[in-house]
Amino acid sequence: MKPAIVLYKSLPDDLRQRLAAHCRITEFAGLTPENIRRHADALAEAEGIIGSGGKVDADFLRHTPRLRVASTVSVGYDNFDVSALNQRGVVLMHTPTVLTETVADTMMALVLTTARRVTEVAERVKAGEWTRSIGPDWFGIDVHHKKMGILGMGRIGLALARRAHAGFGMPILYHARKPHPEAESRFDARYCDLDTLLRESDFLCISLPLTADTHHLIGAEQLAKMPRSAVLINAGRGPVVDEAALIAALQEGRLHAAGLDVFEQEPLDPQSPLLSLPNVVALPHIGSATHETRYAMARDAVDNLIAALRGEVDKNCVNPQALG
Ligand code: DGY
Numbered sequence: 352m353k354p355a356i357v358l359y360k361s362l363p364d365d366l367r368q369r370l371a372a373h374c375r376i377t378e379f380a381g382l383t384p385e386n387i388r389r390h391a392d393a394l395a396e397a398e399g400i401i402g403s404g405g406k407v408d409a410d411f412l413r414h415t416p417r418l419r420v421a422s423t424v425s426v427g428y429d430n431f432d433v434s435a436l437n438q439r440g441v442v443l444m445h446t447p448t449v450l451t452e453t454v455a456d457t458m459m460a461l462v463l464t465t466a467r468r469v470t471e472v473a474e475r476v477k478a479g480e481w482t483r484s485i486g487p488d489w490f491g492i493d494v495h496h497k498k499m500g501i502l503g504m505g506r507i508g509l510a511l512a513r514r515a516h517a518g519f520g521m522p523i524l525y526h527a528r529k530p531h532p533e534a535e536s537r538f539d540a541r542y543c544d545l546d547t548l549l550r551e552s553d554f555l556c557i558s559l560p561l562t563a564d565t566h567h568l569i570g571a572e573q574l575a576k577m578p579r580s581a582v583l584i585n586a587g588r589g590p591v592v593d594e595a596a597l598i599a600a601l602q603e604g605r606l607h608a609a610g611l612d613v614f615e616q617e618p619l620d621p622q623s624p625l626l627s628l629p630n631v632v633a634l635p636h637i638g639s640a641t642h643e644t645r646y647a648m649a650r651d652a653v654d655n656l657i658a659a660l661r662g663e664v665d666k667n668c669v670n671p672q673a674l675g
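Residue numbers (this note's numbering): 352 to 675.
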């Protein structure tokens, strides 16, 4: 008999069919407390789950006694308690490769949009304010040849470094857990400590996952080390930056601008002070959100689930050790 699985995010028809050829599917939208209650029987039977968002921790796992595989349609997996999964022998699959270039594009878009005030001036044009040749109150700052600081040199950091180096002639500084020889040989990137990165970057671009070590890694003390002319970009995870400290720095003019694709709470509260600051560009976590990339992520997540249910975890597995 085909294994029972729970699908908690909608999939393109062809991918749903591919999944249905291998699994018996119960589908609902999101691992909300209400859905977990309502679909208790399906969860109790499920050997696999696939979707994105929602908390998968020891509490959740009590509802899924037969679970063997969790497949997330994302590269990030901070919503999963990996040690609880390990204890239960559940493998976690993710989609680390297919979104790299698209997320790096999003980061570069935030760099350009904040520096050149693209959204702000475009809104002024729409409001009918472009009535004569523009003056300095419409000007931005240069991007090309400025210093790009990258915090986190994983796949996305490397793709951003390539753009900044090859396309914009930017010298690259980076801080990561360890030096990255490829970034250094291909893009002349210079490894430095976090303090140097903060003090010297014109654009500080954060591409870090959320872990106990990165939570609020950038707080008031770190922001105070950045030059007033610097721009902060975050497309990793919101809680890597202490948002209240960032808001204070922006309100007090201690930072030039911020470009944010991720927030401490998502969706962002419409009352957030970030939204009334003209030098903030806030995006609704669109990092990987193109048709092509979201399709590729869903396809990989489906293939990951099918393979892992067969015991094949050589690719895209966060915790192969869970198999013992
Ligand atoms: C991920 O996959 O974790 C990204 O945040 C999606 O944009």
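Glycine included, C-beta positions come from ideal geometry on N, C-alpha and C.
Using 10 angstroms around the beta-carbon of residue i, count the other beta-carbons present and answer buried if the total reaches 16, otherwise exposed.
i: D654; result: buried
i: V613; result: buried
i: L601; result: buried
i: F411; result: buried
i: F490; result: exposed
i: H685; result: In the structure as shown, the chain starts at 352 and stops at 675, and residue 685 therefore has no counterpart that could be examined.
i: Q573; result: buried
i: E643; result: exposed
i: H495; result: exposed
i: V420; result: buried
i: R468; result: buried
i: K353; result: exposed
i: A372; result: exposed
i: T562; result: exposed
i: V476; result: exposed
i: P447; result: buried
i: G399; result: buried
i: K497; result: buried
i: G675; result: exposed
i: T482; result: exposed
i: A397; result: buried
i: S434; result: exposed
i: A575; result: exposed
i: S536; result: exposed
Excluding sequence positions up to five away, which residues of its chain have a Cβ less than 6 Å from the Cβ of residue i?
i: V449; result: A647, M648, D651
i: M499; result: A515, M521, I523, F554
i: G508; result: I501, S558
i: H638; result: Per the sequence shown, residue 638 should be read as Gly rather than His. These residues qualify, in order along the chain: V454, T457, A586, D612.
i: A393; result: V357, T377
i: N630; result: A608
i: M321; result: The question about residue 321 has no answer here: the residues shown for the chain are numbered 352 through 675.
i: G440; result: A673
i: L545; result: H526
i: Q622; result: none
i: L628; result: L601
Can you give me the Cβ contacts of residue i inside the same chain, cut-off strictly under 7 Å, excluding the 5 residues immediately before and after it?
i: Q672; result: N437
i: L511; result: A455, M458, M459, I501, C556, S558
i: A633; result: L611, L619, L625, L626
i: G503; result: A527, I557, S558, L559, G587
i: Y428; result: L443, H445, V669
i: H636; result: D612, V613, E617
i: H567; result: P590, D593
i: F538; result: A512, R513, H516, I523
i: F379; result: Y359, N386, H390
Regarding residue i and the ligand GDP, is the C-beta to nearest heavy atom distance less than 7 Å?
i: A421; result: Of the ligands this structure carries, namely the ligand DGY, none is the ligand GDP.
Could you tell me the boundaries of the beta strand (DSSP E) in which residue i lies?
i: A421; result: 420–423
i: M521; result: It is not in any beta strand (DSSP E) - M521 carries neither H nor E in the DSSP assignment.
i: L583; result: 582–585
i: F554; result: 554–557
i: V631; result: 631–633
i: E378; result: 375–378
i: V442; result: 442–444
i: L574; result: Careful: L574 lies outside any beta strand (DSSP E), inside the alpha helix (DSSP H) at 571–575.
i: V357; result: 355–358
i: I492; result: Premise fails: I492 is in no beta strand (DSSP E) and is neither H nor E.
Considering just the uninterrupted stretch of the alpha helix (DSSP H) at residue i, what are its terminal residues?
i: G500; result: Unbroken run through G500 is the beta strand (DSSP E), 499–502; no alpha helix (DSSP H).
i: A371; result: 364–371
i: G508; result: 506–513
i: V462; result: 451–467
i: I657; result: 642–660
i: E594; result: 594–602
i: T547; result: 545–551
i: A563; result: Counting along the chain, A563 falls outside any alpha helix (DSSP H), and DSSP gives it neither H nor E.
i: E535; result: 532–538
i: L412; result: 409–412
i: E663; result: Neither: E663 is in no alpha helix (DSSP H) and is coded neither H nor E.
i: L394; result: 391–396
i: V433; result: 433–439
Between residue i and the rest of its own chain, which residues show a CB-CB distance below 8 Å, the 5 nearest in sequence each way excluded?
i: K666; result: N655, A658
i: R579; result: G604, R605, L606, H607
i: A300; result: As displayed, the chain neither begins before 352 nor continues past 675, which places residue 300 out of reach and without an answer.
i: H414; result: I387, A391, L394, A395
**Request:** Would you check if there are 3 or more beta carbon pairs closer than 8 Å linking the stretch 512–524 to the stretch 470–483?
**Result:** Segment contact: the stretch 512–524 against the stretch 470–483, fewer than three CB-CB distances shorter than 8 Å; contact not assigned.
**Prompt:** Got a list of residues with beta-carbon closer than 5 Å to any non-hydrogen atom of the ligand DGY, in chain order?
**Reply:** Working through the chain, the matches are S425, V426, G427, G638, S639.
**Asked** How do the stretch 384–400 and the stretch 355–368 stand: do at least 3 beta-carbon pairs fall below 8 Å, yes or no?
**Response** Per the Cβ contact rule, the stretch 384–400 is in contact with the stretch 355–368 (3 or more Cβ pairs under 8 Å).
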